[in-house]
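Asker:
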Amino acid sequence: MPKSKDTDSRKLLRRLKAVMAEEAQGQERLDRIVDLVADSMRTDVCSIYLNRDADTLELCATRGLNADAVHVTRMRLGEGLVGRVARRRVSINTANAPATRGFRYMPETGEEVFSAFLGVPVQRLGERLGVLVVQSREAREYSEDEVYALEVVAMVLAEMTELGAFVGEGEALRPRHAQQVLLRGVTGQEGSAEGVVHLHDPRVVITNPVSDDPEGELVRLREAVDALRLSVDKMLTQASGDREQTEVIEAFRMFAYSRSWLRRMEDDIDAGLTAEAAVEKEQTAARARMRDADPYLRDRLADLDDLSNRLLRMLTGQGRDSVALPDNAVLVARNIGPGELLEYGRKLRGVVLEEGSVGSHAAVVARAWAIPLVLQAEGITTEALSGDPILVDGDQGVVHLRPDDMVTAAFREKLAMQEQAQQRYASIRDTECVTADGHRIEMMMNAGLIADLPSLAGSGAEGVGLFRTELQFLTRNTVPKRGQLVEIYKRVLDAARGLPVTFRTLDIGSDKVLPYMKPTEEPNPALGWRAIRVGLDRPGVMRMQLQALLRAADGRPSRIMFPFIAQMEEFLEARDLLVRQVEREAALGHAVPSDLKIGAMLETPSLAFAPGRFFEAADFISIGGNDLKQFFFAADRENERVRKRYDTLNVSFLSLIAQIVARCEAAGTPVSFCGEDAGRPVEALCFAAMGLRCLSMRPASIGPVKHILLRSNLAEVRDVIEASREAGEQSARPAIMEYLRSR
Ligand code: PEP
Ligand code: MG
2 MPKSKDTDSR
12 KLLRRLKAVM
22 AEEAQGQERL
32 DRIVDLVADS
42 MRTDVCSIYL
52 NRDADTLELC
62 ATRGLNADAV
72 HVTRMRLGEG
82 LVGRVARRRV
92 SINTANAPAT
102 RGFRYMPETG
112 EEVFSAFLGV
122 PVQRLGERLG
132 VLVVQSREAR
142 EYSEDEVYAL
152 EVVAMVLAEM
162 TELGAFVGEG
172 EALRPRHAQQ
182 VLLRGVTGQE
192 GSAEGVVHLH
202 DPRVVITNPV
212 SDDPEGELVR
222 LREAVDALRL
232 SVDKMLTQAS
242 GDREQTEVIE
252 AFRMFAYSRS
262 WLRRMEDDID
272 AGLTAEAAVE
282 KEQTAARARM
292 RDADPYLRDR
302 LADLDDLSNR
312 LLRMLTGQGR
322 DSVALPDNAV
332 LVARNIGPGE
342 LLEYGRKLRG
352 VVLEEGSVGS
362 HAAVVARAWA
372 IPLVLQAEGI
382 TTEALSGDPI
392 LVDGDQGVVH
402 LRPDDMVTAA
412 FREKLAMQEQ
422 AQQRYASIRD
432 TECVTADGHR
442 IEMMMNAGLI
452 ADLPSLAGSG
462 AEGVGLFRTE
472 LQFLTRNTVP
482 KRGQLVEIYK
492 RVLDAARGLP
502 VTFRTLDIGS
512 DKVLPYMKPT
522 EEPNPALGWR
532 AIRVGLDRPG
542 VMRMQLQALL
552 RAADGRPSRI
562 MFPFIAQMEE
572 FLEARDLLVR
582 QVEREAALGH
592 AVPSDLKIGA
602 MLETPSLAFA
612 PGRFFEAADF
622 ISIGGNDLKQ
632 FFFAADRENE
642 RVRKRYDTLN
652 VSFLSLIAQI
662 VARCEAAGTP
672 VSFCGEDAGR
682 PVEALCFAAM
692 GLRCLSMRPA
702 SIGPVKHILL
712 RSNLAEVRDV
722 IEASREAGEQ
732 SARPAIMEYL
742 RSR
């Protein structure tokens, strides 16, 4: 931008800074700012609209429009030109406002006489805060320099808003991050928690957006960028030899060395911003573009976002480690990978994510730990500050941020009731699970970490029905070595003290992408090259894993199953591979398992219709209900839109379960169910009524499921389900709930 404009812009920013430093009420400051901007830009009107709530903007100060309209004129997001600027997060610059699409006439403002309109969003890292507008009588478009200058002012306004410079009377001027907020998301893991927010990425606070010394700021920026580049170069050297990682870091490096990115930030500093404000201004612009970008561009913009965060932390000295993890921390993040979550460990009271999906591995980790998890809580990362009190209701998928006393009291009451229930469950922990009509149901737990194993004793589980082996692969940067896996599996078996543990071989693909595996672009990953398909096509890793499992058993009994078998041949092939490994181990002089049981996971409807020979060949079968249900209903388990559309108690699905049980019984093959639904009491009851005698679930579910089973009569439940079917009902749920209520 030309130097003459720089001086204007700097002068204006210096005055803004002075306004910020003055002892004044928020309203006075806003009034001063609209005057300053209107004078500096020589426009007839300058107005500031601030967000009253997530959907409404309010005119908070104006020079040039009717003063009576202040705190009276309001518009919804998307309404009128101002509302459109806010919704689309992009500036609108027009010489003829009334003729521009979206214009809405607000009679109380008297704005009909102004033809030219320039509105720019006041936003901070994706959070909408308001809109800054200038208008003129003269029908002209504002120049590029003027648009830029107003955007710089908007950036400073955003920082001032964040710092509480405009706090005053009225909704739109209320203090930020001080109100009680209720956020609705999606259940990732049931349970409730009270604690304080710990932001995974703390908000960087910029206390000085306006600089007095542009030259000094340029030096600061360049030094920080140099340091950033060095750190990315170092990442690249460390990754050398790993082609896939190198490719990813190369792309990242390209941004770090981008001339245009640096130039834009230098321009921002020229205009009067400090180095950190310049970084944040460009980051905010990139975030706004990210929303409408295609997936490829979004990934690139995410790289830029990551680099900007690193730069900001360097410039401000505010980092992830600057806030210690409190004892009662509820982790709040945009999204988090399983590796990062594992680093926090079980200390967390709860987790709330702005994004995330139920089937993701971070969710699997939270579930394994029985930590309440709420996903897709939109706005949480911008609303919450580290240290804020927070209540997480994982059952309802609701989060109360900065709750008032009434909400907290009600919540604590609920916690106390849950605590009582836990005590009830503890009293039946060692009771054998036999239903009221005499059916013995085996209660197993799912696991995926060594850290899960203490739950065996705590929950009263009779063994591990599903040990997901992916997590050890997902949380490393390279394929784990056989020796490392032997150690891990050994520790699992040792911790189980003779109780059975069923290991599932590596189930990757779909959402579970290994960091060191070249991502294959598949149109439909859930239906793609995953699990046993990868294992059979590239048997190297599976062979190594099988050897590790056999060695870990060290002569003890061993149970191994293969995931995602869709037809008999896949199972036979996988089993042959395992048998060959047993022979090899024996030939090498290693102890082989005293009793090896080889099973298949039934996760696709096709396998329910496999030849009878399959059911005879498998030593045991485990129904992977999460996948089976998604393929039965053709409804993506990770897509919140369709995931809950089909009820597990749909009579067709229950028929499928009954049919699988019948085929296993006919072949004399034990069958269990290990999907998430096994841990839901009503669902588990219906599965048992369909003939399942072994259920594997999260440890925390064993108490509630056993509690309902102990008091149930399975024959009666089956009759209720059959009656629903005969009555032509789609789901047995209403009848089952009615039956349970009546008892
Ligand atoms: C399942 O699909 O039900 C299952 C247990 O496996 P995962 O959830 O790991 O796919
Ligand atoms: Mg599965």
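The sequence shown stops at residue 744 when you use this note's numbering, and every number in between is there. We treat Cβ as the ideally placed atom computed from N, Cα and C, and that holds for glycine. Treat the numbers as computed from the prediction; the structure is a model and nothing was measured.
Do you know offhand how far A553's Cα is from K491's?
Answerer: By 1-based counting over the sequence shown, the position of residue 553 is 552. By 1-based counting over the sequence shown, the position of residue 491 is 490. When rounded, the distance between both Cα atoms is 5 Å.
Asker: In whole angstroms, give me the CA-to-CA distance for V211 and K18.
Answerer: Along the sequence shown, read from residue 1 onward, the residue named residue 211 stands at position 210. Along the sequence shown, read from residue 1 onward, the residue named residue 18 stands at position 17. Rounded to whole angstroms, V211 to K18 spans 6 Å at the Cα level.
Asker: Look at the alpha carbon of G484 and the alpha carbon of M545, and state the distance between them as a whole number of angstroms.
Answerer: Taking the first residue of the sequence shown as position 1, residue 484 is located at position 483. Taking the first residue of the sequence shown as position 1, residue 545 is located at position 544. In a straight line, the C-alpha of G484 is about 10 Å away from that of M545.
Asker: Ordered along the chain, which non-local residues of its own chain (more than five positions away) have a Cβ less than 8 Å from that of R234?
Answerer: Within the sequence shown, numbered from 1, the residue matching residue 234 stands at position 233. The identity of residue 234 in the sequence shown is Asp, whereas the question assumes Arg. Excluding residues within five positions, the ones whose Cβ falls inside 8 Å are R254.
Asker: If you reduce the DSSP assignment to three classes, tell me which class R129 lands in.
Answerer: Counting from 1 along the sequence shown, the entry for residue 129 is found at position 128. The answer is strand: DSSP assigns R129 an E or B state.
Asker: Should L629 be listed as close to ligand 1, given that the test is whether its C-beta is under 8 Å from any heavy atom?
Answerer: Residue mapping note: residue 629 aligns to position 628 of the sequence shown, counting from 1. Within the cutoff, so yes.
Asker: Taking the straight line between their C-alpha atoms, what separation do you get for Q181 and L500?
Answerer: Numbered from its first residue, the sequence shown carries residue 181 at position 180. Numbered from its first residue, the sequence shown carries residue 500 at position 499. Each residue's Cα considered, the two are about 48 Å apart.
Asker: How would you label G669, buried or exposed, when you count the other beta carbons within 10 angstroms and need 16 or more for buried?
Answerer: Walking along the sequence shown from the start, residue 669 turns up at place 668. Flag for G669 reads exposed.
Asker: With distance defined between alpha-carbon atoms, name the residue in R204, V121, L126, M156 nearest to D289.
Answerer: As a first step, residue 289 must be located in the sequence shown, where it is residue number 288. Correcting the residue type first, residue 289 is Ala in the shown sequence and not Asp. When only C-alpha atoms are compared, the closest one is L126.
Asker: Mapping the DSSP letters down to three states, classify E717 as helix, strand or coil.
Answerer: Mapped onto the sequence shown, residue 717 falls at position 716. DSSP places E717 in helix when its eight states are reduced to three.
Asker: From the DSSP output, which residues share a beta bridge with Y50?
Answerer: Against the sequence shown, residue 50 aligns to sequence position 49. Note: Y50 sits in a beta bridge opposite L60, V132.
Asker: What residue does the alpha helix (DSSP H) around G742 start on, and which one ends it?
Answerer: Counted from its first residue, the sequence shown places residue 742 at position 741. The amino acid at residue 742 is misidentified as Gly; the sequence shows Arg. Segment 734-743, the alpha helix (DSSP H) holding R742.
Asker: S387 to L354, Cα distance in whole Å?
Answerer: The residue labelled residue 387 in the question sits at position 386 within the sequence shown. The residue labelled residue 354 in the question sits at position 353 within the sequence shown. Roughly 14 Å between the two C-alpha positions.
Asker: Grouping DSSP H, G and I as helix and E and B as strand, with all else coil, what is H708?
Answerer: Here residue 708 refers to the residue found at position 707 of the sequence shown. Helix at H708.
Asker: For V652 and S732, I'd like the C-alpha separation in whole angstroms.
Answerer: Locating residue 652 in the sequence shown gives position 651, where the first residue counts as 1. Locating residue 732 in the sequence shown gives position 731, where the first residue counts as 1. Distance between the alpha carbons of V652 and S732 is about 5 Å.
Asker: Hey, how far is the Cα of Y50 from the Cα of R88?
Answerer: Taking the first residue of the sequence shown as position 1, residue 50 is located at position 49. Taking the first residue of the sequence shown as position 1, residue 88 is located at position 87. In a straight line, the C-alpha of Y50 is about 13 Å away from that of R88.
Asker: Flag this pair as yes or no: are the beta carbons of L229 and E251 separated by less than 9 Å?
Answerer: Working through the sequence shown from its first residue, we reach residue 229 at position 228. Working through the sequence shown from its first residue, we reach residue 251 at position 250. Cβ atoms of L229 and E251: not closer than 9 Å.
Asker: Quick one, which of G692, F633, Y426, Q136 has its alpha-carbon nearest T44's?
Answerer: Translated into the one-based positions of the sequence shown, residue 44 becomes position 43. Taking only the C-alpha atoms, the option nearest T44 is Q136.
Asker: If you draw a straight line from the C-alpha of N209 to the C-alpha of A278, how long is it?
Answerer: As a first step, residue 209 must be located in the sequence shown, where it is residue number 208. As a first step, residue 278 must be located in the sequence shown, where it is residue number 277. In a straight line, the C-alpha of N209 is about 8 Å away from that of A278.
Asker: Would you say F674 touches ligand 4, meaning its beta carbon is less than 8 Å from a heavy atom?
Answerer: Ligand 4 is absent from the structure shown, which contains only ligand 1 and ligand 2.
Asker: Do I372 and R335 count as a contact pair if the criterion is CB distance below 9 Å?
Answerer: As a first step, residue 335 must be located in the sequence shown, where it is residue number 334. As a first step, residue 372 must be located in the sequence shown, where it is residue number 371. Not in contact: R335 and I372 (Cβ atoms no closer than 9 Å).
Asker: Of the residues K282, G395, E112, R646, which one's Cα is nearest the Cα of Q190?
Answerer: One-based indexing of the sequence shown puts residue 190 at position 189. Taking only the C-alpha atoms, the option nearest Q190 is G395.
Asker: Closest to P606 by CA distance: which of F615, F167, R614, F634 is it?
Answerer: Taking the first residue of the sequence shown as position 1, residue 606 is located at position 605. Nearest of F615, F167, R614, F634 to P606, Cα basis: F634.
Asker: Is R469 near ligand 1, with its Cβ less than 8 Å from a heavy atom?
Answerer: By 1-based counting over the sequence shown, the position of residue 469 is 468. Yes, ligand 1 has a heavy atom inside 8 Å of this Cβ.
Asker: Return yes when the Cβ of L547 is within less than 9 Å of the Cβ of I561, no when it is not.
Answerer: Mapped onto the sequence shown, residue 561 falls at position 560. Mapped onto the sequence shown, residue 547 falls at position 546. Yes, the Cβ-Cβ distance between I561 and L547 is below 9 Å.
Asker: Hey, could you find the ends of the alpha helix (DSSP H) M562 is sitting in?
Answerer: Position 561 of the sequence shown, counted from the start, is the residue given in the question as residue 562. Careful: M562 lies outside any alpha helix (DSSP H), inside the beta strand (DSSP E) at 559-566.
Asker: Less than 8 Å between C-beta atoms, sequence neighbours within five positions excluded: which residues of the same chain meet that for E109?
Answerer: For the purposes of this step, residue 109 is taken as residue 108 along the sequence shown, with counting starting at 1. Same-chain partners within the cutoff: N67, D69, A70, V73, T74.
Asker: What does a CB cutoff of less than 6 Å around V324 pick up in its chain, not counting 5 residues either side in sequence?
Answerer: Counting from 1 along the sequence shown, the entry for residue 324 is found at position 323. For V324, where only same-chain residues beyond five positions count, the Cβ hits under 6 Å are P203, S387.
Asker: One question on the structure: do V134 and V83 come within less than 9 Å of each other, judged by their Cβ atoms?
Answerer: Position 133 of the sequence shown, counted from the start, is the residue given in the question as residue 134. Position 82 of the sequence shown, counted from the start, is the residue given in the question as residue 83. Yes, these two residues count as a Cβ contact at 9 Å.
Asker: Do D628 and F565 count as a contact pair if the criterion is CB distance below 9 Å?
Answerer: The count along the sequence shown starts at 1 and reaches residue 565 at position 564. The count along the sequence shown starts at 1 and reaches residue 628 at position 627. In contact: F565 and D628 (Cβ atoms closer than 9 Å).
Asker: Measuring CA to CA, which of E216, I658, P404 is closest to P604?
Answerer: Here residue 604 refers to the residue found at position 603 when the sequence shown is read from its first residue. Going by the sequence as given, residue 604 is Glu instead of Pro. Closest option to E604, Cα to Cα, is I658.
Asker: Would you say the beta carbon of D293 comes nearer than 8 Å to a heavy atom of ligand 2?
Answerer: Your numbering for residue 293 matches position 292 in the sequence shown. No, the Cβ of D293 stays beyond 8 Å of every heavy atom of ligand 2.
Asker: Using three-state DSSP, classify I509 as helix, strand or coil.
Answerer: Numbered from 1 along the sequence shown, position 508 holds the residue referred to as residue 509. DSSP places I509 in coil when its eight states are reduced to three.
Asker: On the DSSP letters alone, give me the boundaries of the alpha helix (DSSP H) that D146 sits inside.
Answerer: One-based indexing of the sequence shown puts residue 146 at position 145. That run of the alpha helix (DSSP H) goes 145-163.
Asker: Going by C-alpha to C-alpha distance, which of S559, M291, D295 sits closest to S595?
Answerer: By one-based count along the sequence shown, residue 595 stands at place 594. It is S559 whose Cα lies nearest to the Cα of S595.
Asker: When burial is assigned at 16 or more other CB atoms within 10 Å of the CB, is E24 buried or exposed?
Answerer: If you number the sequence shown from 1, residue 24 lands on position 23. By the neighbour-count rule (16 or more Cβ atoms within 10 Å), E24 is not buried but exposed.
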